[in-house]
Every structure is written in structure tokens, then in C-alpha cells.
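Notes follow the structure.
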Amino acid sequence: MAVGAADRSEHAAVLRAGDLRHVRGPPGGAPSLRRIHGHFLCFSHRLQRLGMGSALETLCGQAYGAKQYHMLGVYTQRAMLTLLCLSIPLAVIWLYTADILIAFGQDVEISMEAGTFNRWMMPSLFAYGLLQCLNRFLQTQNNVVPMTISSLVTASLHVVVCWVFIFKFGLGSRGAALANTISNWNNVILLAIYVKLSPSCVKTWTGFTNEALRDIVSFVKLAVPSAVMICFEYWSFEMVVLLSGLLPNPKLETSVLSISLNTCWMVYMVSVGLGGAISTRVSNELGAGRAAGARLALRVMIAIALTEGAIVGIGTILVCHVWGKLYSNEEEVIAYVARMMPLLALSDFLDGFQCVLSGSARGCGWQNLCAWINLGAYYVVAIPCAELFAFRFHLGGMGLWMGIICGLSVQVMALITVNACTNWDQEAKKAVDRVKAVRAHSDDEQEQS
1 MAVGAADRSE HAAVLRAGDL RHVRGPPGGA PSLRRIHGHF LCFSHRLQRL
51 GMGSALETLC GQAYGAKQYH MLGVYTQRAM LTLLCLSIPL AVIWLYTADI
101 LIAFGQDVEI SMEAGTFNRW MMPSLFAYGL LQCLNRFLQT QNNVVPMTIS
151 SLVTASLHVV VCWVFIFKFG LGSRGAALAN TISNWNNVIL LAIYVKLSPS
201 CVKTWTGFTN EALRDIVSFV KLAVPSAVMI CFEYWSFEMV VLLSGLLPNP
251 KLETSVLSIS LNTCWMVYMV SVGLGGAIST RVSNELGAGR AAGARLALRV
301 MIAIALTEGA IVGIGTILVC HVWGKLYSNE EEVIAYVARM MPLLALSDFL
351 DGFQCVLSGS ARGCGWQNLC AWINLGAYYV VAIPCAELFA FRFHLGGMGL
401 WMGIICGLSV QVMALITVNA CTNWDQEAKK AVDRVKAVRA HSDDEQEQS
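Number 369 in the numbering used here belongs to position 369 of the sequence shown; there are no gaps in the numbering.
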């Protein structure tokens with residue numbers, strides 16, 4: 001949750017560049033451009049932030065619990081190097097965004113606009129990868145106050161920077177991209193200064209070391225499943241929005257599904273915060289060899305997630321008749337959004353629950369297992385069910401979202417089963433052995449050098 005403000009401000013910049021008046025115009029008028037931007041932005045950023053960067057939740061968290069403090073800096077530098085290298089091919093994709101979209105049959109004008117936006121956003125890719133490594137480095141030490149302050153400062157300045165570049169200088173979407181780039185680098189610089197100067201990071205950040213260049217393959221083996229498990233889930237939501245374009249009234253359906261997706265991502269920030277918290281707690285406890293502490297932390301967080309889900313669900317239902325007015329002045333869109341809100345409430349409840357269970361899995365290092373669970377839940381269950389409800393039973397966009405709910409239900413049940421069958425004593429032993437093996441390997445290499 002500490003970084004949620006900065007993430008939402010980045011999304012707001014895209015809306016400002018597209019001019020909110022168009023969003024409140026006819027159904028389907030503006031979401032297409034925002035969706036194209038969002039697809040390329042979120043794919044790249046989620047691949048880094050909630051994907052490969054989340055491998056640090058396991059490694060740094062368990063190392064911190066085992067009091068191997070210097071390894072946090074080593075793991076973080078290793079992740080930084082990996083994500084910087086990953087950013088290069090992603091930047092190439094962004095460079096040719098327009099050509100790629102046109103090749104897939106998208107509107108030429110919109111594709112060119114999206115391509116211009118992404119080219120101006122390319123420097124942000126490198127900043128975002130570094131930012132997520134710094135966030136995980138601090139998060140796994142339970143040191144979230146600097147992240148919160150940095151995000152709030154960045155988000156506050158972002159509003160001003162957006163106004164200057166978009167309206168004052170009249171740069172439009174290029175101004176939004178440039179503002180996002182500046183804000184991301186500003187966030188990186190603030191956190192880097194804190195890590196360098198703060199007494200709380202003296203033990204965990206001992207400066208740059210050649211040790212970070214070793215054993216990168218082991219990090220990648222954990223990071224790739226982390227990326228895959230996140231991408232499987234995200235792509236399924238994007239696929240549902242794309243499928244809405246095949247329904248009888250595509251402009252209306254796509255507009256409402258875009259609004260629904262945006263609403264879910266907004267609430268999802270809270271769930272991500274809970275997932276990050278339990279991931280840190282579980283990894284710390286397992287690294288310290290305290291199986292009972294990890295088990296207790298998960299139970300407490302499940303109770304919190306259920307409470308949060310109930311509050312969000314009730315709130316979603318209460319605002320069902322007014323929420324659509326924030327996005328459109330068309331009565332048809334507003335009424336459709338109102339009918340969708342109970343489904344969004346249920347999916348938000350399930351999503352919050354699965355975020356906590358997935359966070360616990362990341363703390364244990366089960367990313368590979370979770371990737372398979374997500375593959376089955378979303379592509380064996382969710383997408384086929386969405387197609388069945390929407391096109392066979394003629395339920396339209398509501399049927400598509402029902403398919404997502406089916407996938408979420410399967411995902412939650414699978415994660416509940418995995419966590420219920422977990423031998424926490426054995427997981428604690430694995431974590432301790434992993435940290436000891438890394439330490440022994442590091443000591444051997446130091447002696448040889």
C-alpha cells in the first residue's frame with residue numbers, strides 16, 4: 001500500500017493526457033486508447049514489479065529472518081542487474097509499439113499515439129525496475145515508512161509535473177509520459193538516498209559488491225515463475241476486456257468492462273499491500289526458523305483479509321448506482337455499471353483473499369507451484385467459463401466477469417488446500433538450510449578470492 005499512491009498517480013496521468021471529458025462522452029469513445037496504453041504499460045511494469053521483483057520477497061525476507069543482513073544488499077543488487085537487463089528488450093518493444101499494434105489490426109491513429117506515448121516512457125522502464133528492488137529491500141526489513149513518505153512526496157509532485165507538461169507546455173500524452181518518467185526516477189533517487197544515508201540500512205546495505213554478479217541463474221529460476229504467476233492472472237483480465245469487443249454491443253460492453261477493470265485495479269492496491277505484508281512476515285519467520293510464527297501470521301492476515309474484503313464488498317454495493325457517473329454521463333453505461341457492481345464486490349472479496357494466500361506462498365518460495373495454479377485457474381477454468389456465460393448463455397459482459405469469478409474461486413480453493421496441507425516445520429527447515437547454503441557458498445568464494 002505504501003507505493004499505491006505513486007502507481008495510481010501514474011494511471012491518472014494517462015487519463016489527464018486523454019482528457020477526462022472524452023471518458024464521460026459516448027460509450028467506448030476513450031477507453032480504447034487508455035486500454036492500449038495500459039496493456040503495454042502494465043505488462044512491462046507488472047512483469048517487473050509483481051513478477052521478477054517479488055522473488056526478493058522470498059530471498060531477502062528469509063535472509064533477514066536468519067540475520068544474514070548483508071545478503072539483502074547482495075540479493076537486491078543482483079535483482080537490479082537482472083531487471084536492468086530485462087528492461088532493454090522491453091524498451092525495444094516499446095520503441096516499436098505503433099508497428100506492433102498496427103500489425104495486430106489496431107486503428108492506425110490510436111496506434112501511433114500509443115507508440116509516441118511509450119517512446120517517451122522508455123526511460124521510466126529502467127527506473128521502475130530499480131524502484132521495485134528498493135521497495136522490496138526495505139519492505140522485507142519491515143521498514144515501510146520511508147516508502148510511504150517517498151511515494152506520497154512523489155505523488156504530490158506528480159500532480160504539479162503533470163499539469164506543467166500536459167497543460168502548460170501542451171505536450172498531451174507526451175507530457176504524461178515525461179511526467180511519469182520524472183516521477184519514477186524521483187522516487188528511485190529519494191529511496192536510494194535514504195538507503196545510502198540511513199543508519200537503519202547500515203547492516204543490510206554495505207555497498208556494491210562483486211558477489212551480486214554471481215549465481216544470477218539461481219535468482220532467475222525463482223524470479224521467472226514469480227513473473228509468470230502474475231502475468232497469467234493479469235493477462236486473463238485483459239483477455240476478458242478484449243473478448244468484450246466481440247459481443248453484440250461492443251462499444252457499450254468494452255466501456256463497462258474497462259470501467260470494471262479499472263475499479264478492480266484500484267481496490268487491488270489494498271490487496272497487494274496485504275499480500276506484501278504477509279509475504280514479508282512469513283519469509284522473516286521461516287528464515288528465523290520460527291514455524292509457529294509463520295503459521296500464526298498467516299491466520300491473522302487471513303482474518304484481516306476477510307474483514308477488508310467484506311468492507312470493500314459492502315462499500316462497492318452501496319455505491320453501485322453512482323459509481324458509473326464518475327466515468328460516463330450516458331444512462332446506459334451508468335445502469336450497466338450498477339448491475340456489474342455486485343459481481344465486482346464478489347471478485348474483489350476473492351481477490352483480496354487470494355492475494356494474502358499468494359503472498360504467503362511467495363514468502364515460502366512456492367512461486368513455481370503458484371504459476372501452475374494460476375495457469376489452471378484462469379486458462380482452464382476462467383476463460384472457458386467466461387466464453388460459455390457470455391456467448392453461449394448470452395449474459396454479455398456480466399457473463400465474462402462471472403468467468404473471472406469462477407477462476408478466482410478455483411485459485412482460492414487451490415491456495416487454501418496448499419496452505420492447509422503445509423508442514424510449516426519443514427518449510428522453516430528448508431528456509432534455514434537455503435540461507436545456510438548461500439552463506440557457505442559465499443564464504444567459500446571469498447576464501448578462494
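All C-beta atoms in this analysis are idealised placements derived from N, C-alpha and C, irrespective of residue type, glycine included.
Query raised in the report: So what's Lys-168 in DSSP terms, helix, strand or just coil?
Result: Reduced to three states, the DSSP call for Lys-168 is helix.
Requested in this report: Thinking Gly-53 and Cys-133 are a contact (beta carbons under 8 Å), I'd like their distance in whole angstroms, please.
Outcome: Under the criterion of beta carbons closer than 8 Å, Gly-53 and Cys-133 qualify as touching, at roughly 6 Å.
**Report entry** Every unbroken alpha helix (DSSP H) within the stretch 199 to 267, with a cutoff of 4 residues, ordered by chain
**Finding:** DSSP assignment within the stretch 199 to 267 yields the following whole alpha helix (DSSP H) runs of 4 residues or more, N-terminal first: 216 to 244.
Query raised in the report: Cα separation between Pro-342 and Phe-169?
Result: Here the alpha carbon of Pro-342 sits roughly 42 Å from the alpha carbon of Phe-169.
Requested in this report: Output the distance between the C-alpha atoms of Gly-276 and Gln-139, rounded to the nearest integer angstrom.
Outcome: Near 8 Å, if we compare the C-alpha coordinates of Gln-139 and Gly-276.
Report task. Would you check if the stretch 265 to 283 and the stretch 349 to 362 touch, i.e. whether three or more CB-CB distances between them fall below 8 Å? Result -> Counting C-beta pairs with one atom in each stretch, the stretch 349 to 362 and the stretch 265 to 283 have three or more that are closer than 8 Å, which means they touch.
Report task. Would you mind reading off the limits of the alpha helix (DSSP H) that contains Arg-174? Result -> From DSSP, the alpha helix (DSSP H) with Arg-174 extends over 173 to 197.
Report task. Report buried or exposed for Ala-321, applying the criterion of at least 16 other Cβ atoms within 10 angstroms of its Cβ. Result -> Correcting the residue identity first, residue 321 is His in this sequence and not Ala. In summary, His-321 is exposed, with fewer than 16 beta-carbon neighbours lying within 10 Å of its beta-carbon over all protein chains present.
**Report entry** Delimiting residues of the alpha helix (DSSP H) encompassing Asn-374
**Finding:** 367 to 375 is the span of the alpha helix (DSSP H), which, as asked, contains Asn-374.
Query raised in the report: Can we say the stretch 59 to 77 touches the stretch 425 to 441, given the rule of at least three CB pairs closer than 8 Å?
Result: The answer is yes - the stretch 425 to 441 touches the stretch 59 to 77, with three or more Cβ pairs under 8 Å.
Query raised in the report: Would you call His-158 buried or exposed, if buried means 16 or more other Cβ atoms sit within 10 Å of its Cβ?
Result: The residue is buried, with at least 16 neighbouring Cβ atoms inside 10 Å.
Requested in this report: Give me the Cα-Cα distance between Thr-181 and Leu-191, rounded to the nearest whole angstrom.
Outcome: Spanning the two alpha carbons is a distance of roughly 16 Å.
Requested in this report: Tell me whether Arg-174 is buried or exposed, calling it buried when 16 or more other Cβ atoms sit within 10 Å of its Cβ.
Outcome: Buried is the call here.
Query raised in the report: At which residue ranges does the stretch 48 to 120 contain complete beta strand (DSSP E) runs of 3 or more residues, listed in the order of the chain?
Result: As far as the stretch 48 to 120 is concerned, it has no whole beta strand (DSSP E) run of at least 3 residues.
Query raised in the report: Cα separation between Tyr-268 and Asp-348?
Result: Between Tyr-268 and Asp-348, the C-alpha separation is close to 7 Å.
Query raised in the report: Between the stretch 308 to 322 and the stretch 381 to 398, do three or more beta carbon pairs fall short of 8 Å?
Result: Judged by Cβ distances under 8 Å, the stretch 308 to 322 makes no contact with the stretch 381 to 398, as fewer than three pairs qualify.
Report task. Could you say which of Ile-416, Ser-260 and Ala-176 lies nearest to Phe-165 if we only look at CA atoms? Result -> When each option's Cα is compared against that of Phe-165, the closest is Ala-176.
Report task. Quick one: grab the DSSP three-state call for Asn-135. Result -> In the structure shown, Asn-135 sits in a helix (DSSP, three-state: H, G or I).
Requested in this report: Determine the direct distance from the alpha carbon of Ala-345 to that of Ser-451, and round the result to whole angstroms.
Outcome: Here the chain has residues from 1 to 449 only, and residue 451 is not among them.
Report task. With distances taken Cα to Cα, identify the nearest neighbour of Asn-186 among Thr-206, Ala-335, Leu-152 and Thr-209. Result -> Its Cα nearest to that of Asn-186, the residue Leu-152 stands out among Thr-206, Ala-335, Leu-152 and Thr-209.
Query raised in the report: On the premise that Leu-95 lies in contact with Met-121, defined as a C-beta separation below 8 Å, what is that separation, rounded to the nearest angstrom?
Result: Not quite, the Cβ-Cβ distance comes to about 11 Å (not below 8 Å), so this is no contact.
Query - Rounded C-alpha distance that separates Ile-100 from Ser-111 - result: If I take the Cα positions, the gap works out to 8 Å.
**Report entry** the stretch 287 to 301 contacting the stretch 372 to 386, beta-carbon criterion three pairs below 8 Å
**Finding:** At 8 Å Cβ cutoff, the stretches do not touch.
Requested in this report: Take every Cβ of the stretch 423 to 431, pair it with every Cβ of the stretch 403 to 412, and state whether three or more of those distances are shorter than 8 Å.
Outcome: These segments do not touch.
Report task. Leaving aside the five residues before and after Ile-334 along the sequence, list all residues of the same chain whose C-beta is less than 7 Å from its C-beta, in chain order. Result -> Sequence-distant Cβ neighbours of Ile-334 in its own chain, meaning closer than 7 Å and more than five residues away, are Gly-324, Lys-325 and Ser-328.
Query raised in the report: Is Arg-310 buried or exposed, if buried means 16 or more other CB atoms sit within 10 Å of its CB?
Result: The amino acid at residue 310 is misidentified as Arg; the sequence shows Ala. With fewer than 16 neighbouring CB atoms inside 10 Å of its own CB, Ala-310 falls in the exposed class.
Query raised in the report: Any chance the CB of Thr-206 is under 7 Å from a heavy atom of the ligand GTP?
Result: Inclusion of the ligand GTP in the displayed structure is not the case, the ligand content being empty and no account of it being possible.
Query - Residue range of the alpha helix (DSSP H) that includes Tyr-336 - result: 331 to 364 is the extent of the alpha helix (DSSP H) around Tyr-336.
Query raised in the report: Taking the continuous alpha helix (DSSP H) assigned at Gly-324, which residues delimit it?
Result: Looking at the DSSP string, Gly-324 is not in any alpha helix (DSSP H), and its letter there is neither H nor E.
Query - Beta-carbon gap between Thr-82 and Ala-223 smaller than 8 Å - result: Less than 8 Å divides the Cβ of Thr-82 from the Cβ of Ala-223.
Query raised in the report: Can you check whether the CB of Gly-397 is closer than 8 Å to the CB of Glu-253?
Result: Going by C-beta atoms, Glu-253 is nearer than 8 Å to Gly-397.
Requested in this report: Following the continuous alpha helix (DSSP H) through Val-153, name the residue where it begins and the one where it ends.
Outcome: For Val-153, the uninterrupted alpha helix (DSSP H) run begins and ends at 145 to 162, by DSSP.
Query raised in the report: Taking DSSP as the reference, what is the three-state secondary structure of Asn-284?
Result: Note: Asn-284 maps to helix in three-state DSSP.
Query - For Arg-295 and Tyr-336, the rounded distance between their alpha carbons - result: Here the alpha carbon of Tyr-336 sits roughly 43 Å from the alpha carbon of Arg-295.
Query raised in the report: With Leu-125 and Ala-79 assumed to form a contact (beta carbons below 8 Å), what rounded beta-carbon distance in angstroms separates them?
Result: With a contact defined as Cβ atoms closer than 8 Å, Leu-125 and Ala-79 miss out at about 15 Å.
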